[in-house]
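The sequence shown begins at 61 in the numbering used here and counts up by one.
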Amino acid sequence: MTSSNGKEPYGQDWVTDWKPIAHVYFIVSILYLKYEPGAVELSRHHPMASWLCAMLHCFGSYILADLLLGEPVIDYFSNNSSILLASAVWYLIFFCPLDLFYKCVCFLPVKLIFVAMKEVVRVRKIAVGIHHAHHHYHHGWFVMIATGWVKGSGVTLMSNLEQLLRGVWKPETNEILHMSFPTKASLYGAILFTLQQTRWLPVSKASLIFIFTMFMVSCKVFLTATHSHSSPFDVLEAYVCPVLFGSASGGDHHHNNHGGSQGGSGPGSPHSPLPAKSKEELSEGSRKKKTKKAD
């Protein structure tokens with residue numbers, strides 16, 4: 061059953077209007093913001109910028125999905141209760157006296173429960189995002205995958221924008237270049253749910269949601285409990301990626317050998333940087349002499 065605009069009844073409202081889930085989702089999202097370097101100092105000196113970053117962490121996936129589908133991105137900010145709830149969580153995490161609220165939610169058993177509940181929300185958001193995209197683009201596989209992907213990991217894909225709000229510019233930390241486990245899992249999950257939505261995967265949506273939720277919850281809880289930043293996909297990618305895309309180390313080795321075979325006088329020889337540096341110093345010295353003569 062769908063509404064008139066194609067969104068399922070358990071879409072946005074399932075997350076933002078169901079208060080227990082919304083509390084947990086906002087708590088974990090803003091908790092990760094506080095882990096960012098300089099986030100606490102930013103909240104003290106620039107609370108407005110810190111609040112905007114917190115709103116991106118809470119609603120970034122919805123904003124990015126609406127941008128992809130050409131829908132008003134401001135819609136989610138019309139839900140006053142959700143904005144007030146997220147703002148209250150932001151204030152308690154950053155400004156609660158003695159950091160009592162932060163210490164309570166960081167207590168490991170409590171944190172593991174919250175992390176598990178957030179992964180339940182993540183899988184649900186991926187499924188709802190793909191259903192919503194399928195309503196607009198029945199045969200747009202890539203649109204459905206992209207929408208499900210950003211629904212599951214929108215805030216990490218917008219990490220550079222969030223960093224700019226904090227006054228940080230680190231393009232080398234782009235999430236596309238260094239995907240975290242939630243980003244990779246959201247992408248793979250979006251592919252699975254797209255195959256299911258287009259009838260290429262012979263499994264019911266409820267079964268797929270249950271299986272993928274169990275996988276996400278178990279992996280994320282284990283990674284959080286062990287304080288690990290690795291990914292369960294690393295072992296599989298170590299075997300598959302060299303076969304499909306070649307070995308990066310092998311390519312570099314081939315390039316280095318090719319450069320070394322040019323001989324000692326060639327541009328690729330190990331001794332070539334020294335003459336280049338000497339020429340630069342000579343040219344710099346000649347420019348200084350010409351400047352002195354002109355003066």
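Note that CB positions come from ideal geometry on N, CA and C, so glycine has one too.
- I81 is the residue among I190, I81, L128 and K94 whose C-alpha sits nearest the C-alpha of I173.
- Within the same chain, and ignoring the five residues on either side of V149 in sequence, the residues whose Cβ sits closer than 6 Å to its Cβ are F86, I87 and I90.
- For L158, there are no CB contacts under 8 Å within the same chain when 5 residues up- and downstream are skipped.
- About 6 Å separates the beta carbon of G189 from that of A125, a gap short enough to meet the 8 Å contact definition.
- Each residue's CA atom was taken as its position, placing V281 and A176 some 6 Å apart.
- Note on the segment 136-203: whole alpha helix (DSSP H) runs with a minimum of 4 residues are 140-155, 160-166 and 168-196, in chain order.
- Contact annotation: the segment 218-232 touches the segment 109-124, with at least three C-beta pairs closer than 8 Å.
- Taking a cut-off of 8 Å on C-beta distances, the segment 200-209 touches the segment 240-260, as three or more cross pairs fall below it.
- Assigned with DSSP and collapsed to three states, H238 falls in coil, not helix or strand.
- For the pair of segments examined, the segment 179-193 was found to touch the segment 261-270: the number of CB pairs separated by less than 8 Å reaches three.
- Within a 10 Å sphere around the beta-carbon of P242 sit 16 or more other beta-carbons, which makes this residue buried.
- A straight-line Cα-Cα distance of about 8 Å links Y136 and Y122.
- The criterion of a C-beta distance shorter than 8 Å is not satisfied by V180 and F272.
- Taking each of H238, Y299 and A193 in turn and checking the Cα distance to L128, the smallest one comes out for A193.
- A distance below 8 Å separates the beta carbons of C279 and P292.
- DSSP, read as helix, strand or coil, puts R226 in coil.
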